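Q:
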Amino acid sequence: ELIKQSKEHGARTVWAITRAENFIAQQFYEGLGFRVVAPLRNFYQDTGLPNTIDAVMYGFDVFKE
């Protein structure tokens, strides 16, 4: 529904971000056709580890369907 409404309102891309260890969310987004845009370092402030990839950014081209 979000993708459909985004298209109707002229959006070109839908973005999603999830934690790097959230494999279920990653499978969900990839199953919908989202593609990895970038691994994100230090996106979340609660990891306490410097220079760590702790999130994954996804993009979905709404006009691809």
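Numbering (the numbering used here), first residue to last: 3 to 67.
Just so it is clear, CB atoms sit at the ideal spot from N, CA and C, and this is done for glycine as well.
For clarity, every value in this text was computed on a predicted model and none was experimentally measured.
#1: Have a look at Pro52, Gln29, Asn53 and Phe65 and flag the residue whose alpha-carbon is nearest the alpha-carbon of Ile19.
#2: Tell me the residue span of the beta strand (DSSP E) that contains Tyr60.
#3: Tell me whether Ala27 sits in a helix, a strand or coil according to DSSP, three-state version.
#4: Could you check which residue in Arg37, Glu32 and Ala57 has the C-alpha nearest to that of Arg43?
#5: Rounding to the nearest angstrom, what Cα-Cα distance links Val39 and Asn24 in this structure?
A: Answer, in terms of the structure:
#1: For this step, residue 19 is matched to residue 17 along the sequence shown. Checking every option, the nearest Cα to that of Ile19 belongs to Gln29.
#2: Translated into positions along the sequence shown, residue 60 becomes position 58. Here the beta strand (DSSP E) through Tyr60 covers Ile55 to Asp63.
#3: Position 25 of the sequence shown, counting from 1, holds the residue named residue 27. In the three-state reduction of the DSSP assignment, Ala27 falls in the helix class, which pools H, G and I.
#4: Locating residue 43 in the sequence shown gives position 41, where the first residue counts as 1. Out of Arg37, Glu32 and Ala57, Ala57 has the C-alpha closest to the C-alpha of Arg43.
#5: Along the sequence shown, one-based indexing puts residue 39 at 37. Along the sequence shown, one-based indexing puts residue 24 at 22. Cα to Cα, Val39 sits roughly 16 angstroms from Asn24.
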